[in-house]
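Here the protein sequences come in this chain order: A and B. Heads up, the first sequence is in the numbering used here, so the first residue is 1 and it goes up one at a time. Heads up, the second sequence is in the numbering used here, so the first residue is 435 and it goes up one at a time. Glycine is no exception: its CB is placed at the ideal position from the N, C-alpha and C atoms.
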Amino acid sequence: MMQMDIVVIGGGPAGLAAGLAAQEKGAEVMIIERDHELGGILQQCIHNGFGLKHFKEELTGPEYAQRFIDQVKESPIQVMLNSIVLSITPDHQVMVMNAKQGIVHIQAKAIILAMGCRERTRGAINIPGTRPAGIFPAGQAQRFINIEGYLPGHRVLILGSGDIGMIMARRCTLEGMKVLGVAEVLPYPSGLKRNQVQCLDDYDIPLYLRHTIIDIRGKERVEGATIAQIDEKWRPIPGTEKYFDCDTILFSVGLIPENEISVQAGISIARNGGPDVNEYLQTTLPGIFACGNVLQVHDLVDFVTEEAQHAGENAALYAQGKLVIPTPSPEHKITIVPGENVGYVVPERIDDLHSEKVVKFSYRVKNPRSNIRTQLISNGKIIYTRRHKFVLPSEMISIEAKLNPEDVDHEILVNVIEKDQLVNIIERTMMEEN
Amino acid sequence: METSSPSSISQERKEEREIICVVCPNSCRLTVWKDAKDNVQISGNQCGRGLVYGENEYLHPVRMVITTMRIEGAPYAVIPVRSEDSIPKPLIFQAIKMINQSMCRSPVKVGDVLIENILGTK
Numbered sequence: 001m002m003q004m005d006i007v008v009i010g011g012g013p014a015g016l017a018a019g020l021a022a023q024e025k026g027a028e029v030m031i032i033e034r035d036h037e038l039g040g041i042l043q044q045c046i047h048n049g050f051g052l053k054h055f056k057e058e059l060t061g062p063e064y065a066q067r068f069i070d071q072v073k074e075s076p077i078q079v080m081l082n083s084i085v086l087s088i089t090p091d092h093q094v095m096v097m098n099a100k101q102g103i104v105h106i107q108a109k110a111i112i113l114a115m116g117c118r119e120r121t122r123g124a125i126n127i128p129g130t131r132p133a134g135i136f137p138a139g140q141a142q143r144f145i146n147i148e149g150y151l152p153g154h155r156v157l158i159l160g161s162g163d164i165g166m167i168m169a170r171r172c173t174l175e176g177m178k179v180l181g182v183a184e185v186l187p188y189p190s191g192l193k194r195n196q197v198q199c200l201d202d203y204d205i206p207l208y209l210r211h212t213i214i215d216i217r218g219k220e221r222v223e224g225a226t227i228a229q230i231d232e233k234w235r236p237i238p239g240t241e242k243y244f245d246c247d248t249i250l251f252s253v254g255l256i257p258e259n260e261i262s263v264q265a266g267i268s269i270a271r272n273g274g275p276d277v278n279e280y281l282q283t284t285l286p287g288i289f290a291c292g293n294v295l296q297v298h299d300l301v302d303f304v305t306e307e308a309q310h311a312g313e314n315a316a317l318y319a320q321g322k323l324v325i326p327t328p329s330p331e332h333k334i335t336i337v338p339g340e341n342v343g344y345v346v347p348e349r350i351d352d353l354h355s356e357k358v359v360k361f362s363y364r365v366k367n368p369r370s371n372i373r374t375q376l377i378s379n380g381k382i383i384y385t386r387r388h389k390f391v392l393p394s395e396m397i398s399i400e401a402k403l404n405p406e407d408v409d410h411e412i413l414v415n416v417i418e419k420d421q422l423v424n425i426i427e428r429t430m431m432e433e434n
Numbered sequence: 435m436e437t438s439s440p441s442s443i444s445q446e447r448k449e450e451r452e453i454i455c456v457v458c459p460n461s462c463r464l465t466v467w468k469d470a471k472d473n474v475q476i477s478g479n480q481c482g483r484g485l486v487y488g489e490n491e492y493l494h495p496v497r498m499v500i501t502t503m504r505i506e507g508a509p510y511a512v513i514p515v516r517s518e519d520s521i522p523k524p525l526i527f528q529a530i531k532m533i534n535q536s537m538c539r540s541p542v543k544v545g546d547v548l549i550e551n552i553l554g555t556k
């Protein structure tokens, strides 16, 4: 059986950065990628806006990916392309398949999961109507246009005002499609303001907030769709229906971390859809780490790179026996709890707090707020606080908090609150603990 | 007898537009107009960067042109291309048309120039 220090599953931005970081620590690394080239989803993200933080430049997706691909090419990292990982085991065996070699078994010392996400589909959100051709998740349409050179259709309706939806509204317009509108269930656009201006306003594309698609018509091909306004319980309001004569519908309704092989191996999955990890980004299986979109859906690839470097370093140290992560006994388990206005937090647990150390937390709020603060509360006390001018569910927040074993008990609560709620939260937490 | 008060003349606003500033998350709603002397005036900004953005966006809006171009001899039919820098916004669709009518040949690397000085923008 082939032996390897680290096997990285996925050759997108997370896999590339993790592989490079592990190799720099002296580990022997193999990156396994199912596509015929490296780069992952960045290959089709041809718009710019990538790398502002990491390279201090504004690059397109392929340009950003190429920087890392070039580094991988110069390094001893081995790359297996056109290969799909079928399964992994708790003792770090990887079963991979490709057309040239058939089935290959690799014994690794550590594994890094970097498989990214899949898109949520029309079927998954139960949009009623017929099921004709011409219905695509937005990212699939993006691949058709930007990589394969196909036009998805001529008259398009888009559901979802996240960044992918808005960027595709612009892309379709530039390629000669008529974008009839973008419908969004929330009362505000869920992507960046900059995209609203440069993708919708620039081309006079109407944005229908608090609307969803309630019907799709067409036998072989989409003929039209109806949108309607929804109430606070997301029920369509009668009388608000609008019919669009369209032949294409794009759905930009969320990304789902692709954790099939993680689940199959017995790794626990957290509430955000990614593996439950500790501060080393190690999953519930020792020696198996996770980073990038498979761990949590990111909006800035710069943060993916940072997170992946962290996972890569830790995986290398683990493989070399230099990082021994204890499995804490029930009394010493520290769980991170999402509190007020927090959807989820990564990491979900701290396994190794025997002396003071800095831990990075990533999280998203449930509701947009301004002039707000993040608080970490443990043992009845505020152990960290930070102010924010704006927080949005569409913008992941990242903080670094110094944790001291004396101040932390078995739970750390992460709250995002207005200033005057301060006292009530502490009182309530102390009451619940007593 | 008709009188025109001096203040109403100086308050004359020509070509008034609303522009959302994208420089920072504040997303200030700027109101931009030309006064009687054709000077650009801006209100609604909360900082100096907004003033600069507002004026540029009002007088010379520019955008990056990012699209795909057909390629021969490559695994797929198109490759992503971009303008080196922003070009005047009114020229975007013309530029896209020119790019759509062009073709390139493999191999092409990041940074290779495929169309020089498109529409005279250098």
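- Between A:ILE46 and A:ASN146 a beta carbon distance of about 5 Å is seen, short of the 8 Å cut, so the two are scored as contacting.
- Assignment of A:ILE269 by DSSP, reduced to helix, strand and coil, places it in the strand class.
- Neighbours of A:GLN66 in chain B, taken as residues at a C-beta separation under 7 Å, are given in chain order as VAL544.
- Approximately 34 Å separates the beta-carbon atoms of A:ILE213 and A:LEU113; this is outside 8 Å, ruling out the contact.
- Selection B:ILE549, B:ILE476 and B:LYS531 evaluated against B:ASP519 yields B:ILE549 as nearest (Cα-Cα).
- Secondary structure note for A:GLY139: its alpha helix (DSSP H) is the uninterrupted segment 138 to 143.
- Using a CB distance below 9 Å, the part of the segment 175 to 187 of chain A facing chain B consists of GLU175 and GLY176, ordered along the chain.
- Minimum Cα-Cα distance from A:ASN126 among the listed residues A:HIS54, A:ILE216 and A:LEU295 corresponds to A:ILE216.
- Chain A has no Cβ within less than 8 Å of the Cβ of B:MET532.
- Secondary structure at A:LYS73: helix, using DSSP grouped into helix, strand and coil.
- Straight through space, the alpha carbons of A:ILE227 and A:GLY239 are spaced by roughly 11 Å.
- Cβ contact annotation for A:GLN196 (same chain, cutoff 6 Å, sequence separation greater than five): PRO189, in chain order.
- A:ARG171 sits in a helix when the DSSP states are folded into three classes.
- According to DSSP, A:HIS105 shares a beta bridge with A:MET95.
- Residue A:TYR243 holds the alpha-carbon nearest to the alpha-carbon of A:VAL222 among A:TRP234, A:ILE167, A:ASP231 and A:TYR243.
- Of the candidates A:ASP247, A:ALA110 and A:LYS381, the residue whose Cα lies closest to the Cα of A:ARG131 is A:ASP247.
- As the crow flies, the alpha-carbon of A:ALA315 is around 44 Å from that of A:ALA133.
- Straight across, the Cα-Cα distance linking B:GLY482 with A:ASN341 is about 33 Å.
- Distances from the CA of A:MET177 to each of A:GLY162, A:VAL156 and A:LYS193 were compared; the closest alpha carbon is that of A:VAL156.
- Taking C-alpha positions only, A:GLU406 is separated from A:LEU376 by approximately 15 Å.
- Chain-order list of chain B residues neighbouring A:THR60: ILE500, PRO514 and ARG516, by C-beta distance under 8 Å.
- Non-local beta-carbon contacts of B:VAL456 in its own chain, meaning distances under 6 Å to residues more than five positions away in sequence, are absent.
- Annotation for A:ILE382: GLN375 place their beta carbon closer than 6 Å to its own, counting only its chain and skipping 5 residues before and after.
- Within chain A, the residues LYS193 have their CB atoms less than 7 Å from the CB of B:SER461, given in chain order.
- Nearest C-alpha to A:ILE158 among A:ASP409, A:GLU258, A:PRO62 and A:CYS172: A:CYS172.
- Counting the other CB atoms within 10 Å of its CB gives A:TYR150 a total below 16, which places it among the exposed residues.
- Sequence-ordered contacts of the segment 141 to 154 of chain A with chain B read ILE145, ASN146, ILE147, GLU148, GLY149 and TYR150 [C-beta pairs closer than 9 Å].
- Taking a contact to require three or more Cβ pairs closer than 8 Å, the segment 271 to 279 of chain A and the segment 251 to 260 of chain A qualify as touching.
- The segment 101 to 108 of chain A makes no contact with the segment 48 to 66 of chain A: fewer than 3 CB pairs, one atom from each, lie closer than 8 Å.
- In terms of beta-carbon proximity, B:TYR487 stays away from the interface with chain A, with every pair separated by 8 Å or more.
- The alpha-carbon separation between A:GLY19 and A:ILE77 amounts to approximately 7 Å.
- For the pair A:LYS193 and B:ILE533, the CB atoms are not nearer than the 8 Å cut-off.
- Exclusion of the five residues before and after A:LEU295 leaves GLY274 as the residues of its chain whose Cβ lies within less than 6 Å of its Cβ.
- Collapsing the DSSP output to three states places B:LYS543 in coil.
- If you draw a straight line from the Cα of A:PRO137 to the Cα of B:PRO509, it comes to about 24 Å.
- Listed along the chain, the chain B residues whose CB falls inside 8 Å of the CB of A:HIS388 amount to none; the nearest CB is some 10 Å away.
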